[in-house]
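Accompanying notes for the structure given below.
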Amino acid sequence: MNVPGSETGGAVAHAVVDAEGVLLSADPAIESLNARAGGEIGERFAVPQLAAAAWLARRLGILVCRRVTVADDENDLELWVQAQPEGERIRLAASGWQERAAWRPTRGTLPPLLEGGIDWETDAALRLTHVAAGPGARIAGFDPMSLLGRPLTALFGFDEGAGGAMPILDALARRRPFRDQPATIRQTGQAVSLSAAIRPDARGDFGGLAGAALFADIAAPPAADPLSSVFTTGLDRALRAPLSRIIADADAIGAAAEGPVAADYVDYAADIASAGRHLMALVDDLVDLQAIERPDFAPARVPIDLAESARRAAALLSVRADHAGVIILKPAADERAPAVGDARRVLQILVNLIGNAVRYTPNGGAVALDVGITGPLARLTVTDHGKGIAPQDQERIFNKFERVDPSEAGGNGLGLFIARRLARAMGGDLTVASAPGEGARFTLTLPTGVMPVA
26 MNVPGSETGG AVAHAVVDAE GVLLSADPAI ESLNARAGGE IGERFAVPQL AAAAWLARRL
86 GILVCRRVTV ADDENDLELW VQAQPEGERI RLAASGWQER AAWRPTRGTL PPLLEGGIDW
146 ETDAALRLTH VAAGPGARIA GFDPMSLLGR PLTALFGFDE GAGGAMPILD ALARRRPFRD
206 QPATIRQTGQ AVSLSAAIRP DARGDFGGLA GAALFADIAA PPAADPLSSV FTTGLDRALR
266 APLSRIIADA DAIGAAAEGP VAADYVDYAA DIASAGRHLM ALVDDLVDLQ AIERPDFAPA
326 RVPIDLAESA RRAAALLSVR ADHAGVIILK PAADERAPAV GDARRVLQIL VNLIGNAVRY
386 TPNGGAVALD VGITGPLARL TVTDHGKGIA PQDQERIFNK FERVDPSEAG GNGLGLFIAR
446 RLARAMGGDL TVASAPGEGA RFTLTLPTGV MPVA
């Protein structure tokens, strides 16, 4: 392998990628690396780690800096990558170019593959780096190569075990192997059971998963308790304090609280703070998930004004909407929609719905919030102008850990599941009406008076 800069201490190689991920130009080092990955100039960037950095920079609109490990021939390359948006293009700079012995998978902690099994591996961001048929198996119904560089959830839809158990969540939180995670191959609908071991990177940190998907009749596992409150409480306590500290420190760096900071580090700190807040939101969702799945869960049922709740949620998301170039059209100040529910939980539902609508509405678009009364129900509809949702996906997105497009960044697939469960626990419902290319209309309904909950 020809490593650029091996004689000079590490040269910098540049490349330019367009908004669609097509490699427009590249210095010889990156062009050669891309060619070895099966790509060429004028086609989509074939090196997943560099393509991901360009995509993230484009999506956030900021400089993204990160260390990546790229599989190359018989060895790995460790690079320091900077991706800088410039209009409709992203300029990449890759330096470092340290060659390392490639990580070799060991299946010592995994069950032997049964007939028809599939091997899979991911990187530390849970993007697929390897998908292949195991001994005696044949993959039908999809092209494994097309999945490389995409999230693990692009291949598998995770299902609940008995009592709502999700072995993969516990494993990732505790950085330990897992077994018997029920799942479905998205492309074929086939049921599989997943097992995986944690694989370390060259520094001994979390480097990803090495796993197996077994095609077998998955017998119903023994009854288990619902998502353990001991687990979620422990997770909450273990993660909330360090995450808060990471976010606070990153924000302090970004604000140059201790003195001048280079612009690159300010942007990098913002990236860290954003990731920390995303993880904090996941912790919050897991705690909420545990709460709503308890048999005795009962939200408050008091008089509220759904229109006022909509105005409050819109105010909370106004900064995010401004940054996205989206207008939130909220109910007029004199509009009222009396209902009965839990004010805090209703606000939680609306923040989730409006936040999703802002995310999917293009720059310059609008998100409309409409309220009204229909018989015994108060309703609030959130309308976006995004890409829409296919009919076959409109119920799936309300399932646990499901998203409209698993390949998109952001979200964890719990928001709509929790929102619908909360709405129904308050005697109402959450529904969607949509068609591809026509945006989506999510409607929350709540009783206008005290009604028995089924």
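Numbering-wise (the working numbering), the sequence shown opens with residue 26 and increments by one. Don't be surprised by glycine CBs; every beta carbon is placed ideally from N, CA and C.
Collapsed DSSP secondary structure at residue i in the structure displayed
{"i": "residue 121", "result": "strand"}
{"i": "residue 56", "result": "helix"}
{"i": "residue 359", "result": "coil"}
{"i": "residue 101", "result": "strand"}
{"i": "residue 213", "result": "coil"}
{"i": "residue 45", "result": "coil"}
{"i": "residue 247", "result": "For residue 247, the predicted structure reports a pLDDT of 42, less than 50, and the residue's modelled location is therefore unreliable. A value from the coordinates is still provided. In this structure, residue 247 counts as coil in the three-state DSSP scheme."}
{"i": "residue 72", "result": "coil"}
{"i": "residue 354", "result": "strand"}
{"i": "residue 134", "result": "Low per-residue confidence applies at residue 134: pLDDT is 44, beneath 50, and the placement is therefore not dependable, though the value from the model is reported in the following sentence. The answer is coil: DSSP assigns residue 134 none of H, G, I, E or B."}
{"i": "residue 36", "result": "coil"}
{"i": "residue 423", "result": "helix"}
{"i": "residue 378", "result": "helix"}
{"i": "residue 129", "result": "Confidence at residue 129 is low in this model, with a pLDDT of 48, below 50, so its placement is unreliable and the value that follows should be read with caution. Residue 129: coil per DSSP, three-state reduction."}
{"i": "residue 462", "result": "coil"}
{"i": "residue 275", "result": "helix"}
{"i": "residue 88", "result": "coil"}
{"i": "residue 364", "result": "strand"}
{"i": "residue 287", "result": "coil"}
{"i": "residue 414", "result": "coil"}
{"i": "residue 79", "result": "helix"}
{"i": "residue 297", "result": "helix"}
{"i": "residue 338", "result": "helix"}
{"i": "residue 169", "result": "helix"}
Beta-carbon gap between residue i and residue j smaller than 8 Å
{"i": "residue 181", "j": "residue 209", "result": "yes"}
{"i": "residue 236", "j": "residue 149", "result": "no"}
{"i": "residue 175", "j": "residue 152", "result": "yes"}
{"i": "residue 106", "j": "residue 81", "result": "no"}
{"i": "residue 118", "j": "residue 37", "result": "yes"}
{"i": "residue 124", "j": "residue 102", "result": "yes"}
{"i": "residue 179", "j": "residue 169", "result": "no"}
{"i": "residue 338", "j": "residue 396", "result": "no"}
{"i": "residue 47", "j": "residue 79", "result": "no"}
{"i": "residue 340", "j": "residue 362", "result": "no"}
{"i": "residue 408", "j": "residue 466", "result": "yes"}
{"i": "residue 295", "j": "residue 87", "result": "yes"}
Range of the contiguous alpha helix (DSSP H) that encloses residue i
{"i": "residue 328", "result": "Segment 327-330 is the beta strand (DSSP E) holding residue 328; no alpha helix (DSSP H) there."}
{"i": "residue 348", "result": "343-349"}
{"i": "residue 195", "result": "192-199"}
{"i": "residue 442", "result": "440-450"}
For residue i, the residue or residues it bridges with in DSSP
{"i": "residue 231", "result": "225"}
{"i": "residue 109", "result": "116"}
{"i": "residue 181", "result": "210"}
{"i": "residue 145", "result": "156, 236"}
{"i": "residue 322", "result": "According to DSSP, residue 322 bridges with nothing at all."}
{"i": "residue 219", "result": "206, 238"}
{"i": "residue 176", "result": "152"}
{"i": "residue 51", "result": "40"}
{"i": "residue 94", "result": "103"}
Span of the beta strand (DSSP E) around residue i
{"i": "residue 394", "result": "391-399"}
{"i": "residue 458", "result": "454-459"}
{"i": "residue 466", "result": "465-472"}
{"i": "residue 403", "result": "402-408"}
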